[in-house]
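Here the structure comes first, spelled out in structure tokens, and everything after it is commentary.
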Amino acid sequence: MKDQILSNIGEPANLEKLYRSNPSDFKESFFQLQEELTDSPMAAFWHARLQTDTESISWGTLSERWFLLVGAIILGIGMKLPSWFSIKEDIYFGRNGAFLAMGALIAFFAWKNRLKQKTVIWIGGILGLTILHINVWPWDTETDTLTLASLHLPLLFWGLLGWSFVGNEPWNLRKRIDFIRFNGDMVIVCTVLALAGLITTGITLGLFQLIGLEITAFFTNNIILFLLPSIPLLAALVLLHNPSLVSKVSPMVAKIFSPLVLGILVIYLISMVFSTKSIYTDREFLLLFNILLIGVMALIVFSIGESSKNSLGKLQLFTLFALASVTLIINSLALHAISLRILEFGWTPNRIAVLGSNLLMLTHLLLVNGSLFIAFWDSNKAPNVGWTLVRFLPYYLFWIAFVIFGLPLFFGF
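Numbering (the numbering used here), first residue to last: 1 to 413.
Below is the structure:
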């Protein structure tokens with residue numbers, strides 16, 4: 001979109017066509033190009049027009065609002081199924097919670113981006129196969145393979161959401177970066193909406209209690225269950241039509257938390273030397289260590305995705321390089337520990353899953369760190385950091401699919 005705006009900046013009719021084809025993408029791309037278009041009268045006109053448009057919140061088109069309403073009803077019915085059919089909630093939500101959280105979003109972007117029939121069949125087929133696999137197969141509820149499959153389901157559905165988001169160009173790296181940014185913005189908007197809902201719920205229940213009416217059970221089982229799963233869908237709709245709503249918040253969060261987490265990790269690694277616990281002898285500590293690794297890796301992905309909106313400064317590049325380097329140390333320690341456990345106790349589904357994910361993250365970190373190092377010395381190479389980051393993401397999905405579908409074949413259901 002940026003290239004199209006630049007090439008048509010002197011063509012009013014073409015700019016209008018671009019805007020009408022995708023208003024949200026046009027707005028976001030235009031505001032990112034402001035510094036390059038400061039001397040253009042046409043750019044000044046569009047800036048005034050778009051700035052006026054963004055003063056009020058847009059809630060989408062009528063068809064999108066209908067989609068939101070129908071989606072909320074379907075999701076609410078999905079949330080109510082355990083109580084209607086006496087299904088154990090821990091089993092039902094453990095296996096289907098990820099689909100309830102992201103299924104409507106996947107469908108929404110597939111509809112909005114007008115995906116090709118072939119792409120829709122692929123995404124729908126994977127979704128359907130996964131749901132059947134996790135629900136219909138005669139799992140033993142005590143097996144590690146079921147636990148691993150349930151834990152990896154949200155990641156697989158997140159990948160399908162990304163595919164739906166980028167549309168008919170899954171190999172378009174710029175759109176992948178946009179998806180990373182979208183996730184950061186979604187977290188912020190969903191948090192705000194959830195807090196607003198929590199406050200509203202508290203006030204509502206309190207008001208009815210004042211007049212002697214107890215509606216907590218009814219409100220929870222019939223109102224909240226229908227509204228809660230629709231929060232991500234509402235957040236996506238708001239962001240789609242108001243791309244500048246949190247455009248300054250997400251980069252600020254990334255800039256604040258990257259150096260903060262870096263300092264915490266350095267202190268944590270030093271403290272480990274004096275601790276009586278060790279990842280080599282304590283299984284639970286090793287598990288928490290890997291969870292920490294995944295969390296920091298997610299922060300790196302988010303920070304690079306947000307920072308790539310603008311040119312990365314030297315301080316940002318150094319901070320991200322240092323954070324990635326410390327994460328490499330953590331990853332190497334975790335990889336060494338799990339390798340020793342495999343040599344000593346043999347192969348299990350859990351150890352294979354952890355080993356594979358650690359190897360993937362190690363490779364990814366090495367590639368990203370190399371790009372950060374090069375970009376630090378040559379600012380012209382800064383955009384390559386984002387490309388390196390998102391180019392590797394599909395490999396995680398292949399591994400996730402293996403954990404969900406492959407490990408049960410080798411170790412049983």
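C-beta atoms are modelled at their ideal positions from N, C-alpha and C, and glycine is treated no differently.
When the five nearest sequence neighbours on each side are left out, the beta carbons in the same chain lying within less than 8 Å of the beta carbon of L160 are those of M102, I106, I123, I126, L127, in order along the chain.
From the listed residues A334, S58, S40, M42, the smallest Cα separation to A235 is found for S58.
A direct Cα-to-Cα measurement between A149 and F157 gives close to 12 Å. The residues A235, V238, L239, L245, V246, in chain order, have a CB closer than 8 Å to that of V189 in the same chain once the five nearest residues on each side in sequence are set aside. Membership of S357 in the alpha helix (DSSP H) is indicated by the continuous run 349-377. Look at E89 here: in three-state DSSP terms it is helix.
DSSP places R114 in no alpha helix (DSSP H); its state is neither H nor E. Linking I270 to P251 through their CA atoms gives a straight-line distance of about 29 Å.
Annotated as distal: L288 and M361, with beta-carbon spacing of 8 Å or more. One thing to note: I177 has its Cβ no nearer than 8 Å to the Cβ of F302. Straight-line measurement puts the Cα of L75 at about 8 Å from the Cα of A104. Taking a 10 Å sphere around the C-beta of W84, we find fewer than 16 other C-beta atoms and assign the residue as exposed.
If you look at G263, you'll find it in the alpha helix (DSSP H) that goes 249-274. For D178, the enclosing alpha helix (DSSP H) begins and ends at 173-210. Annotation for G159: the continuous alpha helix (DSSP H) segment containing it runs 144-166. Excluding five sequence positions before and after F219, the CB atoms of its chain that fall closer than 8 Å to its own CB belong to T201, T204, L205, given in chain order. In the three-state DSSP reduction, A382 falls in the coil class, being neither helix nor strand.
Look at Y280 here: in three-state DSSP terms it is coil, with no helix or strand label.
Only exposed fits H336, as fewer than 16 other CB atoms lie within 10 angstroms of its CB. With a contact defined as Cβ atoms closer than 8 Å, F321 and F376 qualify at about 6 Å.
Within 10 angstroms of the beta-carbon of F30 lie 16 or more other beta-carbons, which makes it buried. Of all C-beta pairs linking the region 327-341 to the region 352-368, three or more are shorter than 8 Å, placing the two stretches in contact. Selection G370, R391, A110 evaluated against K381 yields G370 as nearest (Cα-Cα). Taking a 10 Å sphere around the C-beta of A324, we find 16 or more other C-beta atoms and assign the residue as buried. Contact check for K116 against N168 passes: the beta carbons are separated by less than 8 Å.
Taking L407 as reference, the option from N350, I91, P41 with the minimal CA-CA separation is N350.
Per DSSP, P408 is one residue of the alpha helix (DSSP H) stretching across 407-411. With at least 16 other beta carbons inside 10 angstroms of its own, Q316 counts as buried. For P243, the number of other beta carbons within 10 angstroms of its own is at least 16, and it is reported as buried. DSSP places N331 in the uninterrupted alpha helix (DSSP H) bounded by 314-345. Take the alpha-carbon of E284 and the one of L260: they are about 26 Å apart.
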